[in-house]
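Number of protein chains: 2
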Amino acid sequence: MPGEAIDRLIQTLARLPGLGPRSARRAVLVLLRRRAALLEPLRDALALVAETARDCPVCGNIDTTTPCAVCADPGRDAGLICVVRDVADLWALERTGSFRGRYHVLGGLLSALDGIGPDDLGLERLEARLGPDQVREIILALPATVEGQTTAHVVADRLERPGLIVSGLAHGVPLGSELDYLDDGTLNAALTARRPLQG
Amino acid sequence: MPGEAIDRLIQTLARLPGLGPRSARRAVLVLLRRRAALLEPLRDALALVAETARDCPVCGNIDTTTPCAVCADPGRDAGLICVVRDVADLWALERTGSFRGRYHVLGGLLSALDGIGPDDLGLERLEARLGPDQVREIILALPATVEGQTTAHVVADRLERPGLIVSGLAHGVPLGSELDYLDDGTLNAALTARRPLQG
Ligand SMILES: [Zn+2]
Ligand SMILES: [Zn+2]
């Protein structure tokens with residue numbers, strides 16, 4: 033068996049998503065064989081991130097600058113805020129490269145089971161931005177699940193103000209997907225929201 | 033997109049086996065959300081291993097002590113040496129808990145393609161142990177592949193000495209496996225090496 037320090041590294045790695053004990057062991061073996069090329073760069077990258085990563089006090093994104101790069105970018109439209117469940121969803125939207133507004137990260141969804149109520153979603157922080165940033169529109173980019181849509185309704189009610197548009201993502205057929213693999217709800221939504229094609 | 037330091041961490045993690053760019057991103061998101069519970073322990077475990085991991089000068093195992101825990105354990109039989117391809121195979125044998133001898137790690141197998149010849153397998157180091165440790169038996173625990181068995185033959189020839197037993201692992205049906213899923217070579221080996229059952 034490997035020594036105690038190596039074993040602790042395997043066990044810590046095994047707690048990451050996508051890595052069980054077996055793949056953590058394989059990963060550590062590769063790290064140990066390639067110490068200069070892999071182990072030391074990974075150690076340095078982790079140390080730097082552990083040193084510098086912070087929750088953005090404005091939007092709840094996690095970044096190594098404060099406020100985060102999105103909030104600090106003067107080219108991003110402060111009047112358009114996209115509300116997301118978590119940083120994973122924020123990154124997914126950023127990867128599209130098509131959203132030029134800013135964000136509010138809820139940090140979770142309403143859940144009686146997990147004891148997450150409206151006060152746990154940082155909504156005061158979001159409301160405090162509405163006036164100063166002259167926010168015109170809030171896009172609720174929340175999961176198309178029961179919890180996601182319940183949360184969207186509660187947030188929409190809470191944000192209701194004259195002149196403020198609160199919108200949600202469109203539902204429909206994902207690009208590239210076969211119709212007969214889709215669930216009935218999605219097909220139904222896609223039918224209901226059907227659009228005229230350009231002639 | 034995440035900041036540069038976070039991005040470098042994702043890219044470094046993505047080079048580990050079993051983790052692509054997507055799962056590395058998911059892993060980093062979990063690390064960022066659980067900084068005290070996961071990110072900092074992983075940073076500390078990696079730093080400690082990077083600081084202390086060394087190739088054992090005796091057997092080629094990797095450990096945080098020198099010589100490795102196996103070589104340093106006076107309870108292990110120095111007269112019985114198991115030759116393995118790499119540290120992964122050494123760990124696999126150690127997990128069985130049934131081997132009480134010591135090891136020699138070749139660090140690879142003979143391969144004309146990869147330019148690995150007999151001189152790259154540390155055999156002088158192994159031969160130097162034979163006399164001082166009064167080695168009685170060498171077990172060649174090498175993969176049951178063409179390269180593994182070619183390497184086993186070359187190592188066996190090189191180690192041939194009066195009174196020194198050179199053995200190999202038994203081939204046969206893996207425990208728990210169905211016969212009709214096994215390849216012909218394994219079935220053949222299992223038939224040839226058949227043993228009388230206790231009455
Ligand atoms: Zn921010
Ligand atoms: Zn050793």
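If you read the sequences in order, they're chains Z and D.
For the first sequence, my numbering assigns the number 33 to the initial residue and increments by one for each residue that follows.
For the second sequence, my numbering assigns the number 33 to the initial residue and increments by one for each residue that follows.
Quick reminder that beta carbons are idealized off the backbone N, C-alpha and C, glycines included.
At a cut-off of 8 Å between C-beta atoms, Z/Gly163 does not count as an interface residue with respect to chain D. Residue-level contact check: Z/Ser55 touches chain D, since one or more beta carbons of chain D fall below 8 Å from its beta carbon. Proximity of chain Z to D/Ala173 at the Cβ level (cut-off 7 Å) is not reached, the minimal Cβ distance being about 16 Å. Residue environment: D/His185 is assigned as exposed (fewer than 16 neighbouring CB atoms within 10 Å of its CB, all protein chains considered). Residue pairing by DSSP puts D/Ser143 in a beta bridge opposite D/Ile148. Taken through DSSP and simplified to helix, strand or coil, D/Cys103 comes out as helix. D/Ala79 places its beta carbon 8 Å or farther from that of Z/Thr96.
In this structure D/Leu141 does not touch D/Arg157 by the C-beta definition: roughly 17 Å separates them, more than the 8 Å allowed. Here Z/Arg58 really is in contact with D/Gly50; their C-beta atoms are around 6 Å apart, less than 8 Å. DSSP, read as helix, strand or coil, puts Z/Ser55 in helix.
The distance from the Cβ of D/Ala225 to that of D/Gly204 is about 6 Å, consistent with a contact at the 8 Å cut-off. Between D/Val115 and Z/Leu61 the beta-carbon gap is near 18 Å, outside 8 Å, which marks them as no contact. At a C-beta separation below 9 Å, Z/Arg193 has no neighbours in chain D, since its nearest C-beta there lies roughly 31 Å away. Between the segment 204-215 of chain Z and the segment 161-177 of chain Z, the count of C-beta pairs closer than 8 Å stays below three; the two stretches do not touch. The secondary-structure analysis by DSSP pairs Z/His185 with nothing; it has no beta-bridge partner. For D/Leu155, not one C-beta of chain Z is nearer than 8 Å to its own C-beta. Within chain Z, the C-beta atoms nearer than 7 Å to that of D/Thr84 come from Ala37, in chain order. Counting only runs that start and end inside the segment 160-210 of chain D, the alpha helix (DSSP H) elements of at least 4 residues fall at 178-191. No heavy atom of ligand 2 is found nearer than 7 Å to the CB of Z/Pro49. For a Cβ distance threshold of 8 Å, residue set Arg75, Ala79 of chain Z lies close to D/Ala79, ordered along the chain.
Per DSSP, the continuous alpha helix (DSSP H) segment holding Z/Val119 begins and ends at 119-128.
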